[in-house]
Amino acid sequence: MKILLTGANGMVGKNIIEHDKANLHEILAPKRFELDLLDERAVDEYLRTNLPDVVVHAAGIVGGIQANIAKPVKFLTDNMRLGMNVILASKKAGVKNFLNLSSSCMYPRNAKNPLNEDLILKGELEPTNEGYAIAKIASTRLCEYIHKEDESLLYKTVIPCNLYGRHDKFDPNHSHMIPAVIQKLWNAKKQNLNEVDIWGDGKARREFMYAGDLADFIFYALDNFEAMPQNINVGLGTDYTINEYYAEIAKVVGFDGGFVHDLAKPIGMKQKLIDDSRLQSFGWKHKTTLQNGLKETFEYLKDIH
Numbered sequence: 005m006k007i008l009l010t011g012a013n014g015m016v017g018k019n020i021i022e023h024d025k026a027n028l029h030e031i032l033a034p035k036r037f038e039l040d041l042l043d044e045r046a047v048d049e050y051l052r053t054n055l056p057d058v059v060v061h062a063a064g065i066v067g068g069i070q071a072n073i074a075k076p077v078k079f080l081t082d083n084m085r086l087g088m089n090v091i092l093a094s095k096k097a098g099v100k101n102f103l104n105l106s107s108s109c110m111y112p113r114n115a116k117n118p119l120n121e122d123l124i125l126k127g128e129l130e131p132t133n134e135g136y137a138i139a140k141i142a143s144t145r146l147c148e149y150i151h152k153e154d155e156s157l158l159y160k161t162v163i164p165c166n167l168y169g170r171h172d173k174f175d176p177n178h179s180h181m182i183p184a185v186i187q188k189l190w191n192a193k194k195q196n197l198n199e200v201d202i203w204g205d206g207k208a209r210r211e212f213m214y215a216g217d218l219a220d221f222i223f224y225a226l227d228n229f230e231a232m233p234q235n236i237n238v239g240l241g242t243d244y245t246i247n248e249y250y251a252e253i254a255k256v257v258g259f260d261g262g263f264v265h266d267l268a269k270p271i272g273m274k275q276k277l278i279d280d281s282r283l284q285s286f287g288w289k290h291k292t293t294l295q296n297g298l299k300e301t302f303e304y305l306k307d308i309h
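Put into structure tokens, the structure is as follows:
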């Protein structure tokens, strides 16, 4: 199968390329200097010239709370343009199968957990990453509309829970929670600090899946694409408190100090747990435990330093 993978240089993209099944396919993975996804004409020409069997759209401008709060214009406009350009160019080029990677931040902030796929646009979004969420909703809906207008076009969306793993970003200003905490606690251990701060009371709950497992799901989905639902959550179906993540990461990196809660800092949603009913029916389950995933991620961090 000829697969165009956007975002091949990001965490999800690199995990897809490293997966055991990647060498069974011809994967087109243009770098940014080879294809600027924000350039509509360039994207149109690339799709028309290369005509893949399927597009996996994993490109995006991503970041944690700090980055989303600081640059909402970029998170909205760049992600919106990326999505529109790639989806519409694929349709124009006659691509029949399209796998759009979205995010569970599309779900309303006050929705009852677990969050099922029908909750999109059913309530107010979490303000701290609203721009990113709006862009992801637009791409998800566009895929739905394309299939609605022409049922032979299978333009479907995967909605992963939070991710972490190899090839993650570890800079606290640009990273999600788990890599930021791994880096923070490793630094604290090296500096012999007695305590580390946790944003908020640490009771907020989050679901984090190892990125290698999402790559595994994507190859499973491509092998069973017609049977895959239009929109499907992909995650663990279980979550942990921020305090529990800190405790597990402390064990992995060997930090034996204490924790102090900074109640003035923002925490985002109190809980964000996806409903995995459709995922179970589709026949896929994650393989990596939290402990093993954290160990793999910490080993990767040590390797790149």
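Numbered by the numbering used here, the letters in the sequence shown go through residues 5 to 309 in order.
All C-beta atoms in this analysis are idealised placements derived from N, C-alpha and C, irrespective of residue type, glycine included.
On a predicted model such as this, the values are computed, not experimentally measured, just so you know.
Exposure of residue i, with buried meaning 16 or more beta-carbon neighbours within 10 Å
| i | result |
| --- | --- |
| Ser156 | exposed |
| Ile308 | exposed |
| Glu38 | exposed |
| Lys276 | buried |
| Glu211 | buried |
| Asn114 | exposed |
| Val60 | buried |
Secondary structure of residue i, DSSP reduced to three states
| i | result |
| --- | --- |
| Thr292 | coil |
| Asp201 | strand |
| Gly287 | coil |
| Ile124 | coil |
| Phe174 | coil |
| Arg210 | strand |
| Leu146 | helix |
| Asn13 | coil |
| Gln187 | helix |
Cα-Cα separation between residue i and residue j, rounded to whole angstroms
| i | j | result |
| --- | --- | --- |
| Val238 | Thr161 | 10 angstroms |
| Trp190 | Pro270 | 23 angstroms |
| Gly17 | Pro112 | 27 angstroms |
| Pro176 | Thr301 | 15 angstroms |
| Lys25 | Glu199 | 43 angstroms |
| Ile7 | Asn27 | 11 angstroms |
| Leu226 | Arg52 | 21 angstroms |
| Tyr304 | Gly169 | 8 angstroms |
| Lys207 | Asp82 | 33 angstroms |
| Met181 | Leu129 | 20 angstroms |
| Val257 | His290 | 24 angstroms |
| Asp48 | Leu41 | 10 angstroms |
| Asn236 | Leu197 | At residue 236 the sequence reads Ile, which differs from the Asn that was named. The straight-line gap from Cα to Cα measures roughly 43 angstroms. |
| Asp154 | Met213 | 33 angstroms |
Residues sharing a beta bridge with residue i, DSSP
| i | result |
| --- | --- |
| Pro164 | Val238 |
| Lys6 | Glu30 |
| Leu129 | DSSP lists no partner for Leu129. |
| Tyr159 | Phe102 |
| Leu119 | Ile278 |
Cβ-heavy atom distance, residue i to the ligand ATP, below 7 angstroms
| i | result |
| --- | --- |
| Leu9 | Annotation note on the ligand ATP: not contained in the displayed structure, which lists no ligands. |
Can you give, in chain order, each stretch of the alpha helix (DSSP H) that sits fully within the stretch 24–111 and has at least 4 residues? 44–54, 69–74, 76–97
Taking only runs of the alpha helix (DSSP H) that begin and end inside the stretch 223–307, which ones reach a length of at least 4 residues, in chain order? 246–257, 281–286
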